[in-house]
């Protein structure tokens, strides 16, 4: 059958409306819009974010089709490149859910291929069946004049699209990346605030009336918790983190010293205030029979250069003391030497061992 003039005129009208340059420019804007929608969907419902691989293919393909009104492969290529750029930006922003297994990775790859196919398929308009012969004649036998216009030259439309879309994506990903950092910083700040609030809830009151209700062992545990930021259970093992406050640790120790005359509390408080004449408390604790205070008395000779006197005193005390913890402590001093023991006594005045071994 012959191609009628009416059919040729109708196809000519359709082909004259093609605009690859417009498709590339406006398609780039839709690509950026898809990225923003994808990002904020991921923030709200991350489990369905991967479906945007397919949705964005339809959106970009539809945008190229709507604005370009094209029938050639150039429009499909524009949609494919824009979709690929969008996937790349999603990977950079970490909104493309990372695969947890080989199967999930295969699913993602399949979805990427499906999204690309949707973009390519929907980007080009279809000629009605009854106009196929006229279309073939105007495009294959006699190239249509619209192909020679600047707006449909591939070497103009594709570079313009590439530069514009890349620039817009660079600006968008940079902004969203900074926005993501701000969100993470806010979440971290909220976490710290919640953690601090939780800490405050588990911390005991250091008022005298409240301390009166505690046993000396429990009071020492909480004094150490305030000092170190770590609460030990009754067996001496880690139980939870704790709000740090040297002031409150000293308050508990002062209470144990003044209200209960506790030798271990005298020793620890004396060590913590050694530069404020705390040595008098250490001596008082030693006179009251505290084991660690007596060890410190012996170490003072070694720290002042009289190793023999310190060795004799520690050996005698080890042989007469029945506490296995104290014996092991003295053995560790002999094993590592007086130099390390002197450093340790200066650096850490409140050791966990002082609480763990308290009877």
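In the UniProt record's numbering, the protein residues as written are 1 to 359. Virtual Cβ for every residue (Gly too), placed ideally from N, Cα, C.
Who are the Cβ neighbours of residue 296 in its own chain at under 8 Å, not counting the five residues just before and after it?
Against the chain shown, residue 296 aligns to sequence position 296. If we look at residue 296 and ignore the five residues flanking it on each side, its Cβ neighbours are 267, 271, 282, 286, 345.
Are the CB atoms of residue 78 and residue 123 within a distance shorter than 8 Å?
Numbered from its first residue, the chain shown carries residue 123 at position 123. Numbered from its first residue, the chain shown carries residue 78 at position 78. Going by C-beta atoms, residue 123 is nearer than 8 Å to residue 78.
Just to confirm, is the Cβ distance from residue 169 to residue 64 under 8 Å?
For the purposes of this step, residue 169 is taken as residue 169 along the chain shown, with counting starting at 1. For the purposes of this step, residue 64 is taken as residue 64 along the chain shown, with counting starting at 1. No, these two residues do not count as a Cβ contact at 8 Å.
Just curious, the alpha helix (DSSP H) that residue 325 is in, first and last residue?
Along the chain shown, one-based indexing puts residue 325 at 325. Run containing residue 325: 324 to 336, per the alpha helix (DSSP H) assignment.
Quick check: what's the CA-CA separation for residue 7 versus residue 17?
Along the chain shown, one-based indexing puts residue 7 at 7. Along the chain shown, one-based indexing puts residue 17 at 17. Taking the straight line from one Cα to the other gives about 16 Å.
On a Cα-Cα basis, can you pick out the residue from 221, 241, 279, 274 that is closest to residue 252?
To locate residue 252, count along the chain shown from 1; it is residue 252. For residue 252, the nearest C-alpha among the options comes from 221.
Run through DSSP, which three-state label would residue 197 get?
As a position in the chain shown, residue 197 is number 197, starting the count at 1. Residue 197 falls in the helix class under three-state DSSP.
For residue 237, count the other beta carbons within 10 Å of its own beta carbon; 16 or more makes it buried, fewer makes it exposed. Which is it?
In the chain shown, the residue the question calls residue 237 occupies position 237. Under this definition residue 237 is an exposed residue.
For residue 171 and residue 35, what's the separation of their Cα atoms in angstroms?
Translated into positions along the chain shown, residue 171 becomes position 171. Translated into positions along the chain shown, residue 35 becomes position 35. So the two alpha carbons sit approximately 12 Å from each other.
C-beta contact flag for residue 321 and residue 280 at 8 Å:
In the chain shown, counting from the first residue as 1, residue 321 sits at position 321. In the chain shown, counting from the first residue as 1, residue 280 sits at position 280. No, these two residues do not count as a Cβ contact at 8 Å.
Given this structure, state the Cα-to-Cα distance separating residue 126 from residue 45, to the nearest angstrom.
Locating residue 126 in the chain shown gives position 126, counting from the first residue. Locating residue 45 in the chain shown gives position 45, counting from the first residue. Roughly 36 Å between the two C-alpha positions.
Comparing C-alpha positions only, which one of 90, 202, 211 sits nearest to residue 377?
Past the boundaries of the shown model lies residue 377; the chain is included only from 1 to 359, so the question cannot be answered.
Are the stretch 19 to 27 and the stretch 62 to 76 touching by the rule of at least three beta carbon pairs closer than 8 Å?
yes
Is the beta carbon of residue 57 sitting closer than 8 Å to the one on residue 118?
Numbered from its first residue, the chain shown carries residue 57 at position 57. Numbered from its first residue, the chain shown carries residue 118 at position 118. Yes; because the gap between Cβ atoms is below 8 Å, this pair is in contact.
When the Cα atoms are used, what is the spatial distance from residue 50 to residue 139?
Taking the first residue of the chain shown as 1, we reach residue 50 at position 50. Taking the first residue of the chain shown as 1, we reach residue 139 at position 139. Cα to Cα, the separation comes out at about 39 Å.
Taking the alpha helix (DSSP H) that residue 41 belongs to, which residues open and close that run?
Working through the chain shown from its first residue, we reach residue 41 at position 41. It spans 20 to 44 - the alpha helix (DSSP H) in which residue 41 sits, taken as one unbroken run.
Is it right to say residue 173 is buried, meaning 16 or more other beta carbons lie within 10 angstroms of its own, or is it exposed?
By one-based count along the chain shown, residue 173 stands at place 173. Classification of residue 173: buried, given that the 10 Å Cβ count is 16 or more.
Any chance you could list the alpha helix (DSSP H) runs of at least 4 consecutive residues sitting entirely within the stretch 142 to 218, in chain order?
154 to 202, 208 to 211
Figure out for me which residue from 351, 194, 342, 130 has the closest Cα to the Cα of residue 226.
Mapped onto the chain shown, residue 226 falls at position 226. Of the candidates 351, 194, 342, 130, the one whose C-alpha sits nearest the C-alpha of residue 226 is 351.
Taking buried to mean at least 16 other C-beta atoms within 10 Å of its own C-beta, is residue 165 buried or exposed?
For the purposes of this step, residue 165 is taken as residue 165 along the chain shown, with counting starting at 1. So residue 165 counts as buried.
With DSSP as the reference, label residue 291 as helix, strand or coil.
In the chain shown, counting from the first residue as 1, residue 291 sits at position 291. In the structure shown, residue 291 sits in a helix (DSSP, three-state: H, G or I).
Label residue 150 either buried or exposed according to how many other C-beta atoms from any shown protein chain fall within 10 Å of its C-beta, with 16 as the threshold for buried.
Walking along the chain shown from the start, residue 150 turns up at place 150. Under this definition residue 150 is an exposed residue.
At what residues does the beta strand (DSSP E) containing residue 241 begin and finish?
Working through the chain shown from its first residue, we reach residue 241 at position 241. From DSSP, the beta strand (DSSP E) with residue 241 extends over 238 to 241.
Just checking, does the stretch 104 to 111 make contact with the stretch 153 to 165 on the three C-beta pairs under 8 Å criterion?
no
For the ligand FMN, is there a heavy atom less than 7 Å away from the beta-carbon of residue 186?
Although the ligand FMN was asked about, the structure shown includes no ligands whatsoever.
Looking only at DSSP bridge pairs, what is residue 232 linked to?
Within the chain shown, residue 232 is the residue found at index 232, counting from 1. In DSSP, residue 232 forms a bridge with 238.
Cβ atoms of residue 27 and residue 53: under 8 Å apart, would you say?
For this step, residue 53 is matched to residue 53 along the chain shown. For this step, residue 27 is matched to residue 27 along the chain shown. In this structure, residue 27 does not lie closer than 8 Å to residue 53 by Cβ.
Length of the line joining the Cα atoms of residue 336 and residue 342
Your numbering for residue 336 matches position 336 in the chain shown. Your numbering for residue 342 matches position 342 in the chain shown. In a straight line, the C-alpha of residue 336 is about 11 Å away from that of residue 342.
Within 10 Å of its beta-carbon, does residue 208 have 16 or more other beta-carbons around it, so buried, or fewer, so exposed?
For the purposes of this step, residue 208 is taken as residue 208 along the chain shown, with counting starting at 1. By the neighbour-count rule (16 or more Cβ atoms within 10 Å), residue 208 is not buried but exposed.
What are the start and end residues of the alpha helix (DSSP H) that includes residue 356?
Position 356 of the chain shown, counted from the start, is the residue given in the question as residue 356. Residues 352 to 356.
Run of the alpha helix (DSSP H) containing residue 16, from where it starts to where it stops
Translated into the one-based positions of the chain shown, residue 16 becomes position 16. Per DSSP, residue 16 belongs to the alpha helix (DSSP H) from 5 to 16.
With 16 other CB atoms within 10 Å as the buried threshold, where does residue 163 fall?
Counting from 1 along the chain shown, the entry for residue 163 is found at position 163. Classification for residue 163: exposed.
To the nearest angstrom, how far is the alpha carbon of residue 273 from that of residue 244?
Against the chain shown, residue 273 aligns to sequence position 273. Against the chain shown, residue 244 aligns to sequence position 244. Spanning the two alpha carbons is a distance of roughly 18 Å.
Here's a check: name, in chain order, each residue in its chain whose Cβ is nearer than 7 Å to the Cβ of residue 289, leaving out the five neighbours to either side.
As a first step, residue 289 must be located in the chain shown, where it is residue number 289. Excluding sequence neighbours, residue 289 sits near 263.
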